[in-house]
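Mapping of the sequence shown onto my numbering: position 598 corresponds to residue 747, and the numbering continues sequentially without gaps. Just so you know, even glycine gets a beta-carbon here, dropped at the ideal spot from N, CA and C. First up is the structure itself, then whatever we jot down about it.
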Amino acid sequence: MADCKLAEVGHLERKVRRRRRPKDVILSKLSRSCSCSTAKLKAALTGFFPVVRWLPKYRLREYAWGDIMSGLIVGIILVPQAIAYCLLAGLEPIYGLYTSFFANIIYFLMGTSKHVSVGIFSLMSLMVGQVVDREVYLAGFEFSEEGQPAAVTLNGIWNGTLHNGSVVNLTMGGYHLECGRECYAISIAAALTFLAGVYQILMAVFRLGFVSVYLSAPMLDGFATGASLTILTVQAKYLLGLKIPRHQGAGTVVVTWINIFKNIQNTNFCDMITSAICIAVLVAGKELQDRYKNRLKIPLPTELVVVAVATVVSHFADLNGKYSSSISGAIPTGFIPPKVPSFDLMPRVAFDAIPLAVISFAFTVSLSEMFAKKHGYTVRANQEMMAIGFCNIIPSFFHCFTTSAALAKTMVKDSTGCQTQVSSVVSAFVVLLVLLFFAPFFYSLQKCVLASIIIVSLRGALRKFRDVPNQWRTNKLDAIVWMVAMSASALISVEIGLVVGVVFSMLCVVAQTQNPKVALLGQIQNTSHYEDLGEYNNLMAVPKVKIFRFQAPLYYANKESFLKSLYKAVSLEPFLEIAKRKKLEKKAKELAAKQAKSSGSTNGDVAVNLVSRDYDFHTIILDCSSMPFIDTTGMLTLKTVMKDYKEIGVRILLACCNPPVIDALKCGSVFGPDDKDVGSLTFHSVHGAVLFAGDCASTVGDMGV
Numbered sequence: 150m151a152d153c154k155l156a157e158v159g160h161l162e163r164k165v166r167r168r169r170r171p172k173d174v175i176l177s178k179l180s181r182s183c184s185c186s187t188a189k190l191k192a193a194l195t196g197f198f199p200v201v202r203w204l205p206k207y208r209l210r211e212y213a214w215g216d217i218m219s220g221l222i223v224g225i226i227l228v229p230q231a232i233a234y235c236l237l238a239g240l241e242p243i244y245g246l247y248t249s250f251f252a253n254i255i256y257f258l259m260g261t262s263k264h265v266s267v268g269i270f271s272l273m274s275l276m277v278g279q280v281v282d283r284e285v286y287l288a289g290f291e292f293s294e295e296g297q298p299a300a301v302t303l304n305g306i307w308n309g310t311l312h313n314g315s316v317v318n319l320t321m322g323g324y325h326l327e328c329g330r331e332c333y334a335i336s337i338a339a340a341l342t343f344l345a346g347v348y349q350i351l352m353a354v355f356r357l358g359f360v361s362v363y364l365s366a367p368m369l370d371g372f373a374t375g376a377s378l379t380i381l382t383v384q385a386k387y388l389l390g391l392k393i394p395r396h397q398g399a400g401t402v403v404v405t406w407i408n409i410f411k412n413i414q415n416t417n418f419c420d421m422i423t424s425a426i427c428i429a430v431l432v433a434g435k436e437l438q439d440r441y442k443n444r445l446k447i448p449l450p451t452e453l454v455v456v457a458v459a460t461v462v463s464h465f466a467d468l469n470g471k472y473s474s475s476i477s478g479a480i481p482t483g484f485i486p487p488k489v490p491s492f493d494l495m496p497r498v499a500f501d502a503i504p505l506a507v508i509s510f511a512f513t514v515s516l517s518e519m520f521a522k523k524h525g526y527t528v529r530a531n532q533e534m535m536a537i538g539f540c541n542i543i544p545s546f547f548h549c550f551t552t553s554a555a556l557a558k559t560m561v562k563d564s565t566g567c568q569t570q571v572s573s574v575v576s577a578f579v580v581l582l583v584l585l586f587f588a589p590f591f592y593s594l595q596k597c598v599l600a601s602i603i604i605v606s607l608r609g610a611l612r613k614f615r616d617v618p619n620q621w622r623t624n625k626l627d628a629i630v631w632m633v634a635m636s637a638s639a640l641i642s643v644e645i646g647l648v649v650g651v652v653f654s655m656l657c658v659v660a661q662t663q664n665p666k667v668a669l670l671g672q673i674q675n676t677s678h679y680e681d682l683g684e685y686n687n688l689m690a691v692p693k694v695k696i697f698r699f700q701a702p703l704y705y706a707n708k709e710s711f712l713k714s715l716y717k718a719v720s721l722e723p724f725l726e727i728a729k730r731k732k733l734e735k736k737a738k739e740l741a742a743k744q745a746k747s748s749g750s751t752n753g754d755v756a757v758n759l760v761s762r763d764y765d766f767h768t769i770i771l772d773c774s775s776m777p778f779i780d781t782t783g784m785l786t787l788k789t790v791m792k793d794y795k796e797i798g799v800r801i802l803l804a805c806c807n808p809p810v811i812d813a814l815k816c817g818s819v820f821g822p823d824d825k826d827v828g829s830l831t832f833h834s835v836h837g838a839v840l841f842a843g844d845c846a847s848t849v850g851d852m853g854v
């Protein structure tokens with residue numbers, strides 16, 4: 150009795166809940182989500198700052214040595230790379246050091262990966278540099294041979310006045326800027342970086358991490374390789390000491406090489422010789438590192454040695470004064486006061502920030518997940534997006550540019566015993582020492598040395614060309630995607646190359662579903678398994694049964710492909726057979742009428758004899774194991790096929806259907822009203838359908854086959 154009362158109360162409660170208005174339900178959910186408690190606050194804090202969760206559990210004796218060593222080594226590598234990559238970004242070296250310092254600190258606080266190294270990345274620097282150079286060019290700056298502003302051309306965008314040939318007073322809208330090319334360039338980079346970070350935060354808030362799904366591995370590899378060719382081309386002028394402005398717009402690689410060969414007579418032999426020596430030493434160091442990496446406990450600091458030696462030689466030999474070799478110039482110590490990024494500049498770079506945000510996020514998340522799987526822990530992709538977003542937003546106030554995770558430095562951290570993100574703090578401390586004390590010592594460092602470091606760092610990406618033949622043999626479509634993304638990135642532009650690569654890879658997926666692989670199956674002897682008759686030998690065709698496999702979803706884009714491949718495989722088109730039968734029946738009726746008219750009697754058997762026909766099969770089994778879903782058009786197509794074949798006496802059976810396919814077919818009434826034929830038309834295995842077809846052979850024969 151008590152149970153009955155409880156059941157009645159529960160029924161009444163459910164009834165009341167069902168009667169609640171949608172408005173009340175929404176308000177209730179909002180009230181729960183907006184309510185605040187100590188537990189919720191703590192969970193939000195630890196979720197937003199994962200360092201709060203793991204740092205109190207830090208095992209000092211177990212982790213400290215590995216973190217300190219990996220942090221020091223990465224910091225030593227990071228300093229010359231941070232200075233070098235500023236050449237790509239079109240900015241002064243000090244901004245690369247700022248970027249490396251702030252990015253490491255922020256990711257330490259917010260990142261969920263233990264091994265990822267966040268900082269300056271060559272691809273990000275290139276993309277920032279292209280935007281910076283374009284906007285500087287559009288603003289009307291002209292340069293002297295030393296790279297300093299010599300004049301400002303008023304082009305309707307800016308109102309400006311020149312002061313002492315180097316400082317310009319610029320005003321646009323409500324934004325006031327008093328500086329030269331350098332100040333305007335970092336203002337553009339900071340605005341671009343701020344927007345990229347905002348986009349990444351919005352992607353995290355709205356759970357848009359699925360966007361990275363469309364960045365396939367072959368597309369990303371091709372894109373990175375094409376971008377590497379662009380980086381190589383942009384840096385080639387520094388190797389030769391040529392003063393050539395960076396090309397604006399599409400075709401950077403082609404136009405730049407044409408300009409290089411046109412100006413080859415102006416080569417600075419001091420820079421060329423220095424570049425050759427530096428590249429030889431750097432490559433030799435990398436090869437030794439690769440060959441003896443199991444014996445070497447720490448990576449060789451080749452870049453730092455090259456930078457130190459080259460700086461000393463350049464300073465004491467006065468290469469700039471005697472041979473006009475381009476040098477880095479004065480790098481100030483300390484920090485520039487923070488500044489809010491220019492909101493007036495943001496509309497000019499709003500679209501440019503989108504590919505930066507997506508690529509930065511994609512590389513960071515993919516690297517964090519890769520090393521998490523390797524070391525057996527988990528990362529939160531959404532929090533990674535938050536972390537890299539704030540690694541861009543906050544540093545943009547401190548004159549920094551866009552960052553992401555870098556594969557090379559992450560691998561160095563992993564190989565040198567990194568245990569946690571404490572290593573990032575150590576790397577940031579190394580950069581801080583340079584910022585506070587050692588930056589002026591890089592004054593005489595030649596730009597060709599920095600270009601050599603950048604070019605040698607591209608070895609991994611450029612080696613992808615060696616993998617193309619093997620990739621072609623493995624998967625031709627992936628190889629084509631790689632080549633298209635690489636060609637578009639190198640020959641058109643990096644941004645357009647990204648769009649072309651994504652669109653082309655998606656079109657390839659659509660093309661695969663539109664023209665999927667199909668097969669007639671045969672039985673493996675003495676087993677209940679079935680495979681493709683065209684690929685395997687010693688398979689036995691099932692008598693009087695055709696087993697057809699369609700390896701794609703059945704939807705509006707490939708319904709014609711499904712029908713054509715099915716008709717071709719079984720060599721029987723039902724609508725043509727029906728049309729032939731109707732013609733024969735019509736002729737038979739006309740002949741019967743003539744005979745009846747001449748003899749005065751009817752002969753109905755004439756029509757039957759004329760239209761009857763024997764096929765070599767009575768059942769078609771559709772193997773749906775490779776059919777993940779089916780849409781409305783697919784349901785109608787399947788329903789029509791079953792109806793047409795039934796009219797000519799051929800039964801259609803479905804095998805290995807996924808639950809979503811079964812549900813869709815039921816909703817579409819493919820099995821008839823009330824689903825009365827579900828049990829007789831669908832089977833869990835191909836073998837079950839074959840056995841059923843054999844048992845029903847006599848019944849099918851009675852239907853006219």
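Can you tell which of Leu204, Ala376, Phe198 has the C-alpha that lies nearest to the C-alpha of Gly650? Considering only alpha carbons, the answer is Ala376.
One question on the structure: do Val285 and Ala334 come within less than 7 Å of each other, judged by their Cβ atoms? Between Val285 and Ala334, the C-beta gap is smaller than 7 Å, which places the two residues in contact.
With distances taken between CB atoms, is the gap from Asp793 to Phe724 smaller than 7 Å? Yes. Within cutoff.
Unbroken beta strand (DSSP E) run spanning Phe766, endpoints: Taken as a continuous stretch (DSSP letters only), the beta strand (DSSP E) holding Phe766 covers 766 to 772.
In whole angstroms, give me the CA-to-CA distance for Val810 and Asp282. In a straight line, the C-alpha of Val810 is about 54 Å away from that of Asp282.
Tell me the DSSP secondary structure of Gln700 in three-state form. It is coil, neither helix nor strand.
Measuring CB to CB, does Met259 end up less than 7 Å from Val643? Cβ distance not < 7 Å, so Met259 and Val643 don't count as in contact.
Close beta carbons around Val617, own chain, < 8 Å, minus the five adjacent residues each side: Correct list, in chain order: Ala628, Trp631, Met632.
Sequence ranges, alpha helix (DSSP H) only - wholly within the region 676 to 737, length at least 4: Within the region 676 to 737, the complete alpha helix (DSSP H) runs of at least 4 residues are 708 to 719.
For the region 481 to 492 against the region 258 to 273, are there 3 or more C-beta pairs whose distance is under 8 Å? No: the two stretches stay apart, fewer than three of their Cβ pairs being nearer than 8 Å.
What residue from Ser593, Ile543, Gly196, Leu688 has the CA that sits closest to Gly470's CA? The candidate whose alpha carbon is nearest that of Gly470 is Ser593.
Should Asp772 be labelled buried (16 or more other beta-carbon atoms within 10 Å of its own) or exposed? Result: buried.
Beta-carbon spacing of Met635, Thr374 below 7 Å: Between Met635 and Thr374, the C-beta gap is smaller than 7 Å, which places the two residues in contact.
What are the boundary residues of the alpha helix (DSSP H) that Leu445 is part of? Unbroken run through Leu445: none, as it is neither H nor E.
Do Phe550 and Thr248 have their CB atoms nearer than 7 Å? Yes, they are a contact pair.
With three or more C-beta pairs closer than 8 Å as the rule, is the region 223 to 234 touching the region 500 to 515? Counting Cβ pairs under 8 Å, fewer than three are found: no touch.
Here's the rule I'm using: 16 or more other beta-carbon atoms within 10 Å means buried, otherwise exposed. How should Gln532 be labelled? Counting the other Cβ atoms within 10 Å of the Cβ of Gln532 gives 16 or more, which makes it buried.
Hey, how far is the Cα of Cys419 from the Cα of Thr405? Cα to Cα, the separation comes out at about 21 Å.
Among Gln349, Phe591, Gly398, which one has its Cα closest to the Cα of Ala459? Ranking Gln349, Phe591, Gly398 by CA distance to the CA of Ala459 puts Phe591 first.
Any idea what DSSP makes of Phe832, helix, strand or coil? For Phe832, the three-state secondary structure derived from DSSP is strand.
Could you pull the start and end residues of the alpha helix (DSSP H) that Arg497 belongs to? Here the alpha helix (DSSP H) through Arg497 covers 495 to 498.
Would the region 696 to 714 count as touching the region 776 to 787 if we require 3 or more Cβ pairs under 8 Å? Verdict: yes, contact present.
Considering only the alpha carbon of each residue, which of Leu669, Val383, Thr768 lies closest to Leu830? In terms of Cα proximity to Leu830, the closest of Leu669, Val383, Thr768 is Thr768.
Ignore the nearest five residues each way along the sequence and tell me which others in Met368's own chain have a CB closer than 7 Å to its CB. If we look at Met368 and ignore the five residues flanking it on each side, its Cβ neighbours are Val630, Ala634, Gly650, Val651, Ser654.
Hey, would you say Val402 sits closer than 7 Å to Thr379, going by beta carbons? Contact flag set, yes.
Name the two residues that bound the continuous alpha helix (DSSP H) containing Val201. Segment 200 to 203, the alpha helix (DSSP H) holding Val201.
Nearest to Met534 by CA position, among Phe546, Leu556, Ser545, Ala511, is which residue? Ranking Phe546, Leu556, Ser545, Ala511 by Cα distance to Met534 puts Ala511 first.
Contact under 7 Å by Cβ, Val454 with Val228: Not closer than 7 Å, so no.
In terms of alpha-carbon separation, which member of Cys806, His548, Ile770 lies closest to Met791? Per the Cα distances, Ile770.
Beta strand (DSSP E) containing Leu670: first to last residue? 667 to 673 is the extent of the beta strand (DSSP E) around Leu670.
Residues near Ala340 in its chain [Cβ-Cβ closer than 7 Å; skip 5 each side]: Hits under 7 Å: Pro490, Ser491, Leu494, Met495, Val498.
Are there 16 or more other CB atoms within 10 angstroms of the CB of Ile604, so buried, or fewer, so exposed? With 16 or more other Cβ atoms inside 10 Å of its own Cβ, Ile604 counts as buried.
Taking 7 Å as the threshold (beta carbon to beta carbon), is Gln661 in contact with chain D? Reference to chain D is not applicable here, since this structure consists of a single protein chain.
Locate the alpha helix (DSSP H) running through Arg210, then write down its first and last residues. From DSSP, the alpha helix (DSSP H) with Arg210 extends over 209 to 238.
Just the C-alpha distance for Val799 and Phe832, rounded to the nearest angstrom, thanks. Looking at the two C-alpha atoms, the distance is approximately 17 Å.
Where His548 falls, given that 16 or more other Cβ within 10 Å makes a residue buried: Buried: at least 16 other Cβ atoms inside 10 Å.
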